[in-house]
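K.L.:
Residue numbers (the numbering used here), protein chains in the order written: chain A, 171 to 653; chain B, 1112 to 1395.
The beta-carbon is built from N, C-alpha and C at its ideal position, and this holds for glycine as well.
Bear in mind that the values here come from a model prediction, so they are computed numbers and not experimental data.
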Amino acid sequence: MRPLFNLSFRYKIPLWGSLLIVTATLAVSTALIVQSYDDLRSDLVNSSASLGRTLAKTLFAAMIQEDVWQAFAIIRAPLHEESGNNLVQPEMILALDQRERIFVSSHPKSVPMLADVRQIDKEYAHLAELIAANLAPDAPIIEFSGARRIYVAVPVAEEGARLGTLVIIHSKDVFLPRFRAVAWRAAGIGLVVLAVLLPLNWYWGQRTAAPLIALARRTSDVARGALQAPPPGTYAYDDELGRLFDAFAVMVKSLREKALLEEEMIRSERLAAIGRLSAGIAHEINNPLAGMLVALNNFKRRAGHDERTLKTVAMIERGLAQIRDTVSAMMVEAKVKSRDFMPHDVDDVRMLLSGEMHKRSVTIDVDSDIAAPIALPATLVRQILMNLLLNAVQASATADTVRCALRHSDHALTIATENSGRPIPPEIMNHLFEPFVSNNDTGHGLGLWVTYQIVSQLGGQIAVENRDAMTRFSVSLPTGETS
Amino acid sequence: MMRFIRVFALSMAIFLSGLTAAATEPVRPLRIGLTPTFPHDQYRPLEKWRLYMEHKLQRPVEFTRRDRYIETMDLLRLKKLDFAWICDYPYVHFRKQLRLLAVPVHNGRPYYQSYLIVPATDKTTVSVAQLKDKVFAYTDPYSNTGYLAPRFQLQQAGADPARHFRKTFFAWSHRRVLEAVATGLADGGAISSHVWDTLSVGKPELTGAVRVAAKSSDYGFAPFVAQASIGDEEFHVMQKLLLDMAADEEGRTLLRELNLDGFIAGDTHIYEPTERLIRALGEK
């Protein structure tokens, strides 16, 4: 049984529906058939009883005079009609005496005179018992259905004295074909009803199951991590299922947002941790480094060093200088005192990049609405602008244009750069703002790291997206009062 | 003188009464009783016969049909009937109150027999004695061929007619006895040979279901009788009508339908076998 309940709704709904329809149709057809059987039978018994009452009156006179021939003529009379198919035409009529012996029968060859009814067969014996149990002259009419025949027994009595019993016997051989015809008709109607309802039910079942199945599939997808809502319009109605679809879409949307947020948080926490780590290391390196450089300087000033020593010291000094440059590049000090960002700073940055632009035949199209100083440290904003534009120029294809838009509102400065060329691969995208991650072979991968650190320290946000074959960086920096 | 006056007065009275009767009363219909000694329930041929009689006699004729012989006999004795066609047994029995009018002729002879009939399925029975403890259908207690003859056969065979059968009943006509045996209501019955012959032609499906198991000796045919007080003139007119039927075409057609050759005046001695039968059975 359980596998049946485990079936898909695609099959379960139509199957249950079909089962109900078939059961209902069977029940209705059976009821009709039983009803028609009862109707036919009661029609038969009623007409028989009325015939019996009529015959019993005339039979009384014949029986009391023991006029066998007269009694025979009376009970033969209803059988003389030729129509063999007449439903109410009895098969046989018997007149029984007070001891349930045959006074006369309409078919003496099979049921001869004086025979004891009980001896004929079991059905007659049962009938005799019923008659014997109802011997009162005003006893009701007895009806009794045997295996092959229907019996209707009417007392032959007058003024409270019972002389015998008139038994009218109908063969079911006539009755059953009539009943069978009615039954076939009922069965035919049932089949027509089934032929109409079953396909309808199947269609309706499929229609009901389809959205449930879509929803179930999406749910298991979500459980596996694929946050996909069913396409809108899968189920366009406002019933419980429709509300379920709406709620599912809302759930998927919030799950997706939550996942993005988590991803973002993890990334920024990681970046912050790296920032703290690298700043700490840079500080720890910077102090002895400065000491070492001062010591080397002092050492050079002193006379008396041979050529080879001076060469070695110079080599150490260059190495230390490289370490200092690297460390200082990693050390983002946002708290440096600086003037406010001015409109001409944009042009300066563009000027500084002209060599690179020329080398790659890339133009920078700057669209700035900055007209007044902005309360942001000029050095840092210039560095952000510089890094972003330099990246854009280096990523652009030859003879392409890099767009740069700067917008200043009341509370924020937004910088957006956009370039064509190679998009950033997804595996790099997740680690883009980490140090030593580079999308080209030439850079050391600190530019975006530094930019990120500056933006973070200024309380702003930086985002990157690949869209329509364009790579777009956007930076938003909150502004304070101008100094 | 007194004698003359008396004769005159009587003559006048008769004359006057005849005058007044002729003047006031319509002609009295002739009343004829019919019994099941022949198939008396066939209306159409009998109506033709009645009209034939009315035409020949120039007076109305009434047929009175009764199933039971005794009823017809009662009507005769009560003078409610002038003539009747009855069985030979009641004729012999009530001979003193009756006059033999005419005897039908069948197959050239004024005799008939009693046939013992059994269902066609009964292939073995050849005498009534073999039907012990069976159901037997008699025609009428005043029938010779349908009652007396089989009882006589039983008596001759040494059986008691009152106890021989398990059950007997009267079907009140030869034709119904035939039906009773044909349907199986009775295991045997006795009917007149004339009815058998007539129905063999008219109802072969009925006689086909039945077999004649035995035939009795000859008995005088069921006679036409007149009640004893009938006037000679009426008697002779009626007798002439019956005897002359074979002489005209219409009469012959009617006789054919009755399955008779004609009527003869008959002689009472043809009923001697019947009388012997009655005596033998002690029914008289």
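Please list, in chain order, the chain B residues whose beta carbon lies closer than 7 Å to that of A/Pro278.
P.N.:
Within the first sequence, residue 278 of chain A is the residue found at index 108, counting from 1. Going along chain B in sequence order, the residues near A/Pro278 (Cβ under 7 Å) are Thr1294, Gly1295 and Leu1296.
K.L.:
Taking a Cβ distance cut-off of 7 Å, strictly less, list which residues of the segment 222–252 of chain A are near chain B, in chain order.
P.N.:
Here the close residues are Val238, Trp239 and Phe242.
K.L.:
Tell me where the alpha helix (DSSP H) around A/Arg348 begins and ends.
P.N.:
In the first sequence, counting from the first residue as 1, residue 348 of chain A sits at position 178. That run of the alpha helix (DSSP H) goes Lys342 to Arg394.
K.L.:
Where does A/Leu229 sit, in a helix, a strand or coil, going by DSSP?
P.N.:
Numbered from its first residue, the first sequence carries residue 229 of chain A at position 59. It is helical.
K.L.:
Please report the distance separating the alpha-carbon of A/Ala419 from that of A/Gly615.
P.N.:
In the first sequence, the residue the question calls residue 419 of chain A occupies position 249. In the first sequence, the residue the question calls residue 615 of chain A occupies position 445. Distance between the alpha carbons of A/Ala419 and A/Gly615: 40 Å.
K.L.:
The beta strand (DSSP E) spanning B/Arg1142 covers which residue range?
P.N.:
Numbered from 1 along the second sequence, position 31 holds the residue referred to as residue 1142 of chain B. Per DSSP, B/Arg1142 belongs to the beta strand (DSSP E) from Leu1141 to Leu1145.
K.L.:
To the nearest angstrom, report how far apart A/Arg350 and A/Thr200 are at their CA atoms.
P.N.:
Locating residue 350 of chain A in the first sequence gives position 180, where the first residue counts as 1. Locating residue 200 of chain A in the first sequence gives position 30, where the first residue counts as 1. Distance between the alpha carbons of A/Arg350 and A/Thr200 is about 13 Å.
K.L.:
Please tell me whether B/Cys1196 and B/Leu1145 are closer than 9 Å, where the distance is taken between their beta carbons.
P.N.:
As a position in the second sequence, residue 1196 of chain B is number 85, starting the count at 1. As a position in the second sequence, residue 1145 of chain B is number 34, starting the count at 1. A small correction: the amino acid at residue 1196 of chain B is Trp; Cys does not occupy that position in the sequence shown. Cβ atoms of B/Trp1196 and B/Leu1145: closer than 9 Å.
K.L.:
Can you tell me where the alpha helix (DSSP H) holding A/Met500 begins and where it ends?
P.N.:
If you number the first sequence from 1, residue 500 of chain A lands on position 330. Glu477 to Met500 is the extent of the alpha helix (DSSP H) around A/Met500.
K.L.:
Hey, is B/Ala1291's beta-carbon within less than 9 Å of any beta-carbon in chain A?
P.N.:
Taking the first residue of the second sequence as 1, we reach residue 1291 of chain B at position 180. Yes, its Cβ sits closer than 9 Å to a Cβ of chain A.
K.L.:
Under the rule that 16 or more other beta-carbon atoms within 10 Å means buried, what is A/Ala436, buried or exposed?
P.N.:
Counting from one through the first sequence, the residue named residue 436 of chain A turns up at place 266. Strictly speaking, residue 436 of chain A in this sequence is Ile, with Ala absent from that position. Under this definition A/Ile436 is an exposed residue.
K.L.:
Does the CB of A/Val274 have a neighbour CB from chain B at under 9 Å?
P.N.:
Stepping through the first sequence from its first residue, residue 274 of chain A is reached at position 104. A/Val274 counts as touching chain B.
K.L.:
For A/Arg413 and A/Val392, what's the separation of their Cα atoms in angstroms?
P.N.:
Here residue 413 of chain A is taken as the residue at index 243 of the first sequence, counted from 1. Here residue 392 of chain A is taken as the residue at index 222 of the first sequence, counted from 1. The alpha-carbon atoms of A/Arg413 and A/Val392 are separated by roughly 18 Å.
K.L.:
Note down the Cα distance separating A/Ala331 from B/Val1336, rounded to an integer number of angstroms.
P.N.:
Here the question's residue 331 of chain A lines up with position 161 in the first sequence. Here the question's residue 1336 of chain B lines up with position 225 in the second sequence. Going from the Cα of A/Ala331 to the Cα of B/Val1336 covers about 45 Å.
K.L.:
DSSP three-state label for A/Phe175, please.
P.N.:
On the first sequence, position 5 is the one that residue 175 of chain A refers to. In the structure shown, A/Phe175 sits in a helix (DSSP, three-state: H, G or I).
K.L.:
Do B/Leu1366 and A/Met283 have their C-beta atoms closer together than 9 Å?
P.N.:
On the second sequence, position 255 is the one that residue 1366 of chain B refers to. On the first sequence, position 113 is the one that residue 283 of chain A refers to. No, the pair does not count as a contact, with Cβ atoms beyond the cut-off.
K.L.:
Could you tell me the distance, in whole angstroms, from the CA atom of B/Leu1141 to the CA atom of B/Ile1341?
P.N.:
The count along the second sequence starts at 1 and reaches residue 1141 of chain B at position 30. The count along the second sequence starts at 1 and reaches residue 1341 of chain B at position 230. Each residue's alpha carbon lies about 11 Å from the other.
K.L.:
Would you mind reading off the limits of the alpha helix (DSSP H) that contains A/Asp535?
P.N.:
Taking the first residue of the first sequence as 1, we reach residue 535 of chain A at position 365. It is not in any alpha helix (DSSP H) - A/Asp535 instead sits in the beta strand (DSSP E) that spans Thr533 to Ser538.
K.L.:
Which residues share a DSSP beta bridge with B/Ser1303?
P.N.:
Position 192 of the second sequence, counted from the first residue, corresponds to residue 1303 of chain B. For B/Ser1303, which the question treats as bridged, DSSP gives the partners B/Ser1225.
K.L.:
Would the beta-carbon of B/Ala1260 fall within 9 Å of that of B/Ala1301?
P.N.:
Numbered from 1 along the second sequence, position 149 holds the residue referred to as residue 1260 of chain B. Numbered from 1 along the second sequence, position 190 holds the residue referred to as residue 1301 of chain B. Yes; because the gap between Cβ atoms is below 9 Å, this pair is in contact.
K.L.:
Going by DSSP, what residue range makes up the beta strand (DSSP E) through A/Ile585?
P.N.:
Residue 585 of chain A sits at position 415 when you count from the first residue of the first sequence. Per DSSP, A/Ile585 belongs to the beta strand (DSSP E) from Ala582 to Asn589.
K.L.:
Based on the DSSP secondary-structure assignment, which residues constitute the bridge partners of A/Leu336?
P.N.:
Within the first sequence, numbered from 1, the residue matching residue 336 of chain A stands at position 166. Bridge partners of A/Leu336: A/Ala265 and A/Val324.
K.L.:
At what residue ranges does the segment 1328–1381 of chain B contain a whole run of the alpha helix (DSSP H), taking only runs of 4 or more?
P.N.:
Listed in chain order, the complete alpha helix (DSSP H) runs (minimum 4 residues) inside the segment 1328–1381 of chain B are 1343–1355 and 1360–1368.
K.L.:
Below 9 Å on C-beta distance, what does A/Leu284 contact in chain E?
P.N.:
Included in the structure are the protein chains A and B, with no chain E among them.
K.L.:
With DSSP as the reference, label A/Pro458 as helix, strand or coil.
P.N.:
Counting from one through the first sequence, the residue named residue 458 of chain A turns up at place 288. Here A/Pro458 sits in helix by DSSP.
K.L.:
Do B/Ala1248 and B/Phe1281 count as a contact pair if the criterion is CB distance below 9 Å?
P.N.:
As a position in the second sequence, residue 1281 of chain B is number 170, starting the count at 1. As a position in the second sequence, residue 1248 of chain B is number 137, starting the count at 1. Cβ atoms of B/Phe1281 and B/Ala1248: closer than 9 Å.
K.L.:
State whether the segment 228–240 of chain A contacts the segment 265–274 of chain A, with contact taken as three or more CB pairs (one from each stretch) at a distance under 8 Å.
P.N.:
Result yes; three or more Cβ-Cβ pairs closer than 8 Å.
K.L.:
Mind checking B/Gln1338: buried by the 16 CB within 10 Å criterion, or exposed?
P.N.:
On the second sequence, residue 1338 of chain B is found 227 positions in, with the first residue counted as 1. Buried, by the Cβ-count rule.
K.L.:
Using a Cβ-Cβ cutoff of less than 6 Å, which residues in the same chain neighbour B/Ser1461 once the five nearest sequence positions on both sides are dropped?
P.N.:
No information on residue 1461 of chain B is available, as it lies outside the stretch 1112 to 1395 that chain B covers here.
K.L.:
Using a cut-off of 7 Å between C-beta atoms, extract the partners of B/Arg1287 located in chain A.
P.N.:
Against the second sequence, residue 1287 of chain B aligns to sequence position 176. By Cβ distance, chain A contributes Trp239.
K.L.:
May I ask you to report which of helix, strand or coil DSSP gives A/Asp286?
P.N.:
For the purposes of this step, residue 286 of chain A is taken as the residue at position 116 of the first sequence. Strand, per DSSP.
K.L.:
Could you tell me the alpha carbon to alpha carbon distance between A/Thr641 and A/Pro593, rounded to whole angstroms?
P.N.:
Along the first sequence, one-based indexing puts residue 641 of chain A at 471. Along the first sequence, one-based indexing puts residue 593 of chain A at 423. One C-alpha to the other measures close to 6 Å.
K.L.:
Tell me whether B/Trp1283 sits in a helix, a strand or coil according to DSSP, three-state version.
P.N.:
Here the question's residue 1283 of chain B lines up with position 172 in the second sequence. Coil at B/Trp1283, not helix or strand.
K.L.:
What does a CB cutoff of less than 8 Å around A/Leu466 pick up in its chain, not counting 5 residues either side in sequence?
P.N.:
As a working mapping, residue 466 of chain A is identified with position 296 in the first sequence. Cβ within range, chain order: Val483, Ile486, Glu487 and Leu490.
K.L.:
Quick one: is B/Phe1263 near chain A, going by C-beta distance under 9 Å?
P.N.:
Mapped onto the second sequence, residue 1263 of chain B falls at position 152. It does not; no Cβ of chain A falls within 9 Å.
K.L.:
Whose Cβ in chain A lies nearer than 7 Å to the Cβ of B/Phe1194?
P.N.:
For the purposes of this step, residue 1194 of chain B is taken as residue 83 along the second sequence, with counting starting at 1. By Cβ distance, chain A contributes nothing, its closest Cβ being about 28 Å from B/Phe1194, past 7 Å.
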